Amino acid sequence: MDFSLTEEQELMLAEVKKVCKEKIAPRAEEVEREGKFPKENLKLLSDMDLLGLVIPEAYGGLGMDFMTWSLIAEEISKACGTTGLSFGANLLCVYPLMTFGTEEQKKKYLVPLAKDGVGAFALTEPEAGSDAGNVKTIAKEDGDSYILNGRKIFITNGGEASTFIVIATTRPNKGARGFTAFIVEKGTKGFSVGQHFDKMGFAGLSNVELVLDDCRVPKANILTQEGRGFRVAMETFDVGRIGVGIGALGVAESAYEKALQYSKERIQFDKPISSFQAVQHILADMATEIEAAKLLLYEAAWLKDNGKPFEKVASMGKLYASEVAMNTTVKSVQVFGGSGYMKDYAVERLMREAKLFEIIEGTSQIQRNIIANYILKGK
Ligand SMILES: Cc1cc2nc3c(=O)[nH]c(=O)nc-3n(C[C@H](O)[C@H](O)[C@H](O)COP(=O)(O)OP(=O)(O)OC[C@H]3O[C@@H](n4cnc5c(N)ncnc54)[C@H](O)[C@@H]3O)c2cc1C
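Read in my numbering, the sequence shown has 811 at position 313, and its numbers run on one by one without any break.
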């Protein structure tokens with residue numbers, strides 16, 4: 499495995515780091531405080547063509563690999579977790595279109611997504627979370643269309659997206675084998691945004707209920723085939739887990755860098771607190787765990803880019819990085835002492851944000867189930 503960067507990657511990354519430092523990071527507190535979807539940040543990314551980073555050039559994207567996507571998403575997440583998660587959720591719409599879309603679908607939906615579109619992926623429902631095979635949203639055939647009825651919850655980017663991938667059942671008696679993935683456009687009659695969820699963290703991220711009420715979707719908007727929706731969802735989540743892990747990594751790195759800096763500045767007993775071995779050990783553990791999480795996630799991206807099985811390592815990376823983000827942010831608050839508990843410093847926000855990564859795209863328990871399944875099969 500070789501994680502060394504090409505000159506092109508180095509240049510792109512340097513440009514992204516500059517924009518993150520000068521423009522995106524300074525807005526992170528405001529995004530949280532005002533619960534404001536980070537439109538300006540996404541516009542900056544769109545101006546740099548980064549929304550189409552992995553979209554093939556033929557459809558207006560840059561046609562880059564998942565390693566480059568990961569490195570860039572890591573920088574964005576380090577600067578502003580909300581912008582990082584929105585960027586990651588976009589991939590959940592782009593990736594299935596790239597992988598399963600027809601030529602016509604790719605031209606129609608990927609081209610605007612590569613430019614400045616926001617995408618979303620909707621599977622979760624009140625009775626279908628970890629139990630992803632329990633989707634109740636129903637799609638009934640009607641001439642050259644399907645009529646969709648049901649509701650989705652918690653959907654990231656849902657209030658802002660132009661294009662949605664919606665999982666519904668076309669054969670309710672067949673379980674997950676009856677699922678179909680539909681491309682649904684914002685503004686389709688019978689498709690609306692319901693409740694906006696109020697969250698522990700990531701106040702600026704759009705997480706909404708989607709209501710499908712006799713929503714007519716043409717058959718031409720089925721991704722791959724009728725009955726193949728569960729496969730679409732599972733393959734999307736395999737890649738999405740790299741994205742969620744990278745988001746967690748960015749949050750962990752941000753918390754670590756802030757703790758390191760603060761430990762050198764905060765004086766107690768006439769010395770910087772970084773001179774105390776107890777504090778040094780906290781920092782050493784943070785740095786070690788972050789490095790290990792990074793390597794797992796880069797390995798998953800490298801395996802994916804090189805056409806090798808990456809799914810188990812993607813789950814391991816997501817599981818480990820999300821737990822590292824939780825540990826690191828808690829420890830970072832500890833290094834800041836009382837100040838860490840105050841809203842004046844970003845670390846309390848990072849601690850609230852970190853929890854989400856242990857839940858989305860399969861909880862830590864579900865990741866362990868997936869990993870155990872692979873290793874017990876000898877894979
Ligand atoms: C902010 C946010 C954004 C999200 N964005 C999206 C999105 O864009 N699109 C989308 O489709 N979904 C999205 N989700 C949904 C998310 O993926 C689910 O919340 C998650 O998969 C867990 O499902 P659940 O909430 O129903 O929890 P449950 O499945 O009810 O789980 C509750 C607890 O039971 C445990 N548990 C359940 N089953 C098992 C089992 N078999 N073995 C061991 N433990 C188990 C879980 O680990 C967890 O601790 C989002 C959620 C949040 C909070």
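Where is the CB? At the ideal position from N, CA and C, for every residue including glycine.
Since the model is a prediction, treat every value here as computed from it, not as a measurement.
Beta bridge counterpart(s) of residue i as assigned by DSSP
{"i": "V664", "result": "A620, F680"}
{"i": "R649", "result": "V709"}
{"i": "A674", "result": "Answer is none; A674 lacks a bridge partner."}
{"i": "A626", "result": "E623"}
{"i": "S643", "result": "D640, P716"}
{"i": "I765", "result": "P770"}
{"i": "T654", "result": "N705"}
Separation of residue j from residue i, as counted between CA atoms
{"i": "G579", "j": "G656", "result": "17 Å"}
{"i": "K717", "j": "T786", "result": "50 Å"}
{"i": "A495", "j": "L608", "result": "The requested residue 495 does not occur in the structure, where the chain is confined to residues 499 to 877."}
{"i": "S690", "j": "M596", "result": "25 Å"}
{"i": "S772", "j": "E707", "result": "46 Å"}
{"i": "W800", "j": "L710", "result": "38 Å"}
{"i": "F662", "j": "I720", "result": "12 Å"}
{"i": "E538", "j": "E555", "result": "25 Å"}
{"i": "F735", "j": "R866", "result": "15 Å"}
{"i": "M510", "j": "D642", "result": "45 Å"}
{"i": "E625", "j": "A731", "result": "17 Å"}
{"i": "S628", "j": "M784", "result": "30 Å"}
{"i": "V616", "j": "V742", "result": "17 Å"}
{"i": "D712", "j": "G599", "result": "24 Å"}
{"i": "K841", "j": "M698", "result": "14 Å"}
{"i": "S544", "j": "E573", "result": "15 Å"}
{"i": "K802", "j": "D640", "result": "39 Å"}
{"i": "E506", "j": "A674", "result": "42 Å"}
{"i": "A577", "j": "I522", "result": "6 Å"}
{"i": "A798", "j": "Q863", "result": "20 Å"}
{"i": "G676", "j": "G725", "result": "5 Å"}
{"i": "F808", "j": "P770", "result": "44 Å"}
{"i": "N804", "j": "M499", "result": "10 Å"}
{"i": "F767", "j": "F774", "result": "10 Å"}
{"i": "E530", "j": "K810", "result": "33 Å"}
Residue closest to residue i, alpha-carbon to alpha-carbon, out of the options
{"i": "R669", "options": "A526, T826, G631", "result": "G631"}
{"i": "L793", "options": "A812, S704, K877", "result": "A812"}
{"i": "N647", "options": "T667, T661, I720", "result": "T667"}
{"i": "L817", "options": "M849, K519, L747", "result": "L747"}
{"i": "T622", "options": "D614, A799, T504, K634", "result": "K634"}
{"i": "V664", "options": "L874, D696, L801, R649", "result": "R649"}
{"i": "I857", "options": "S772, E763, M499, G745", "result": "G745"}
{"i": "G692", "options": "I651, G835, I869", "result": "I651"}
{"i": "S575", "options": "K877, S660, P524, F598", "result": "P524"}
{"i": "K672", "options": "I636, E683, F680, E530", "result": "I636"}
{"i": "Y557", "options": "K613, E859, E821", "result": "K613"}
{"i": "Q603", "options": "M546, Y644, L781, I681", "result": "I681"}
{"i": "S660", "options": "K684, G836, E508", "result": "K684"}
{"i": "I740", "options": "G582, E530, K829", "result": "G582"}
{"i": "D547", "options": "L781, G838, E513", "result": "E513"}
{"i": "G835", "options": "M499, V529, V822, K756", "result": "K756"}
{"i": "E658", "options": "L611, K638, I645", "result": "L611"}
{"i": "K605", "options": "G559, K877, I570", "result": "G559"}
{"i": "K829", "options": "V737, A776, K638", "result": "A776"}
{"i": "Y872", "options": "M814, E821, K516", "result": "M814"}
{"i": "G688", "options": "D696, E846, I645", "result": "I645"}
{"i": "A782", "options": "V715, E821, L758, L549", "result": "L758"}
Range covered by the beta strand (DSSP E) that runs through residue i
{"i": "S690", "result": "689–694"}
{"i": "E639", "result": "636–640"}
Residue span of the alpha helix (DSSP H) that contains residue i, given as start and end
{"i": "S830", "result": "809–834"}
{"i": "V633", "result": "No alpha helix (DSSP H) contains V633, which DSSP labels as neither H nor E."}
{"i": "N871", "result": "862–874"}
{"i": "L854", "result": "845–855"}
{"i": "G885", "result": "The chain is shown only over 499 to 877; residue 885 falls outside these bounds and no answer can be derived."}
{"i": "M507", "result": "What sits at residue 507 in the sequence shown is Gln, not Met. 505–517 is the extent of the alpha helix (DSSP H) around Q507."}
{"i": "D803", "result": "775–803"}
{"i": "T600", "result": "Taken as a continuous stretch (DSSP letters only), T600 belongs to no alpha helix (DSSP H), as it is neither H nor E."}
{"i": "K534", "result": "No alpha helix (DSSP H) contains K534, which DSSP labels as neither H nor E."}
{"i": "A576", "result": "It is worth fixing the name first, because residue 576 is Lys in this sequence and not Ala. Note, K576: alpha helix (DSSP H), 564–577."}
{"i": "P610", "result": "609–613"}
Contact belief for residue i with residue j at Cβ below 8 Å, rounded distance in angstroms
{"i": "F700", "j": "L795", "result": "That belief does not hold up - the Cβ atoms of F700 and L795 are roughly 20 Å apart, past 8 Å."}
{"i": "S704", "j": "F585", "result": "Wrong, their Cβ atoms sit about 13 Å apart, outside the cutoff."}
{"i": "M562", "j": "V552", "result": "6 Å"}
{"i": "G727", "j": "T678", "result": "4 Å"}
{"i": "T827", "j": "A750", "result": "7 Å"}
{"i": "Y754", "j": "I788", "result": "6 Å"}
{"i": "V833", "j": "S761", "result": "6 Å"}
{"i": "M824", "j": "A852", "result": "5 Å"}
{"i": "L874", "j": "S752", "result": "36 Å between Cβ atoms; not a contact."}
{"i": "T859", "j": "G702", "result": "It should be pointed out that residue 859 corresponds to Glu in this sequence rather than to Thr. Not confirmed; about 20 Å, so no contact."}
Within-9 Å CB hit, residue i to chain E
{"i": "I771", "result": "Of the chains in the structure shown, none is chain E; there is only one protein chain."}
beta-carbon residue i near ligand 2 non-hydrogen atom, thresh 8 Å
{"i": "E573", "result": "Ligands displayed in this structure: ligand 1; ligand 2 is not among them."}
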